Amino acid sequence: MKLSKEHYLQQLRKIVNPEQRAKYYKQFIDSDVVNLSTAENVLLLDFYQENHIFDELPVISATDIQYPSVVYGSPEYRQSILQFLEQQWSLPSGTIALDDIFVVSGVSAALECLGFSLFSAGDQVLIPEPMWYGFPWCFSQRPQMEFIHFPVGENFELSTQNVVDAVEANPNAKLLVLTNPQNPLGTNYSKEQMEEIYAYFLGLGPDYHIISDEIYACSQNTDVEGNEFVSAFGLDAYNEYNDTRIHVVWGLSKDFGLSGFRVGCIISKSEQVQESMEGDACNRSIAGFSPFGSLNPYMLQKLFLSGGEPDPTVANNAISTYQSSLLPSSYSIVKEKLEASSIPYHPNNKGGVFFWIDLSAYLDRVQQTTIEPDPLLCESLYPPEFNDPNEGKLTRYLREEAQVLLVRGQECFWSEPGWFRLCYTAETSDKVAQGLDSMIEKLNQLPPSNPN
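Per the working numbering: the sequence shown = residues 2 to 453.
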């Protein structure tokens, strides 16, 4: 069904999420655009096809199309996920238990469930800049928490002092959210760095909690120097400062490239979280509003089950292939093209699927063009300093002239204009190369800066 272009443009203006906006733009407005904006991972598709992961499945049964008996995942699936994470994160057996794991419809849903389970409307959540722009919706749109972003140090380095300053400025804040690997930087926090931050924040009192968003935990590039990934469950602080106040979320969208499946996990020993997720005699399980539906277990059985029993062997094989060859190959294409064109990027981006690139040198040059800037970012989310018009012009120039979609840095709550997030797994390697070539060509065609 084909509707008018104006219809699609009107709908586009209603989409605040930049990744959803990019997907919509590519599907309905310009199918030739290279989408390096949406944080997706297409690299494992060949592995799935060659190993028949989603075909040659058993005949679908009545159970597979009915309500699931356990809305947050069957014991078999949760046990398999437990075994998978223990191996991938090098956790001692028993660090996490079956009853600590709850599967819901995506990590966004998992974050929201934690917000509802642990906090009340008006409670404050602290998150360091730059960050994934989806956090305000996860914690504020429905849980009605107050979202507070705070600055970090030079070279995007988060220090304990940054957290201390944020707490002193917001003494009622009881929740700190960290993304590890970091989105949009693509770096892993060091173990020493996390130990110090966790010890400080959890040491403030029994009501203080930390959520570690580890959705990119297995997207580790073995060819890149940088800090090795350490899960929050691998910290000494996990045992020393009450493990019921450290909560981890992880899912299949990024590491397995299954964003359309909507599978996210909450891992928490908190009785408050577990009671909320399980439900009680009066209250329905909160997972019932974003369940691990019956068709997902059916489709994922070859990854996590064998003969109906827990077995993550194939899942581990997929990640091994991903880390050893697929991720490094795609990464190297972008690295070589950026360096050949002298485009700076944040180094040591070993974890995650991003290059955080610095295009600030082109802001003055795009200012000389007649192109209009993109619309202002949502004023209820972003202060005025997050709406640099030249960054908006450069975003639009790359989209319309280079046919490349990136996420602008100010949309990631980074006030300094000119930074952009590039996802190098969102398209096939040849499309990524095509997009980079086009972007570099069009950047070089911009008029020189005005000397005045």
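Glycine included, C-beta positions come from ideal geometry on N, C-alpha and C.
Quick caveat, the model's predicted, so the values are computed rather than measured.
Taking C-beta atoms as the reference points, S331 and S430 count as a pair closer than 8 Å. Look at the region 166-245 and you find these whole runs of beta strand (DSSP E), each 3 residues long or longer: 176-180, 210-214. For D359, the enclosing beta strand (DSSP E) has its first and last residue at 355-359. By the Cβ-count criterion, R246 is buried, with 16 or more other Cβ atoms from all chains shown falling within 10 Å of its own Cβ. The straight-line gap separating the alpha-carbon atoms of N163 and M132 is approximately 15 Å. Of the candidates S232, D214, S271, D214 places its Cα closest to the Cα of G252. Taking C-beta separations shorter than 7 Å and ignoring five residues to either side along the sequence, the partners of D375 in its chain run G393, T396, R397, following chain order.
According to the DSSP assignment, V104 belongs to the beta strand (DSSP E) that extends over 102-105. Taking C-beta atoms as the reference points, N318 and G227 fail to come closer than 8 Å. Of the other Cβ atoms in all chains shown, fewer than 16 fall within 10 Å of the Cβ of I61; this residue is therefore exposed.
Here H248 is bridged, per DSSP, to I212. Assigned with DSSP and collapsed to three states, E310 falls in strand. Per DSSP, G436 is one residue of the alpha helix (DSSP H) stretching across 430-445. Taking C-beta atoms as the reference points, A200 and Y242 count as a pair closer than 8 Å. Residue range 6-13 is occupied by the alpha helix (DSSP H) that includes H8. The beta carbons of D359 and W415 sit no closer together than 8 Å. In this structure, DSSP gives I334 a helical state, which the three-state scheme calls helix.
Ranking A110, V72, V315, L328 by CA distance to the CA of V249 puts A110 first.
Straight-line measurement puts the Cα of N451 at about 26 Å from the Cα of D438. The DSSP-derived three-state label of V35 is strand.
When beta bridges are read from the DSSP output, Y346 appears opposite I358. A distance below 8 Å between beta-carbons, with the five flanking residues on each side excluded, links P448 to the following residues of its chain, in chain order: R366, Q369, T370. Between F103 and M300, the C-beta spacing is not below 8 Å.
The criterion of a C-beta distance shorter than 8 Å is not satisfied by I198 and S342. The alpha-carbon of F257 is positioned some 25 Å away from that of L236. DSSP places L407 in the coil class of the three-state scheme, outside both helix and strand. If you check the CB distance, Q142 and N173 do not come in under 8 Å.
The Cβ-Cβ distance between V178 and S291 does not fall below 8 Å.
Sorting R422, Q411, V405, V335 by C-alpha distance to the C-alpha of D33 places V405 at the top. Cα atoms of L203 and I211: separation of roughly 8 Å, rounded to the nearest angstrom. For V126, the enclosing beta strand (DSSP E) starts and ends at 125-129.
W420 has D359 as its beta-bridge partners, per DSSP. Membership of F117 in the alpha helix (DSSP H) is indicated by the continuous run 108-119.
Between Y134 and the set Y26, P185, K432, A167, the nearest pair of CA atoms involves P185.
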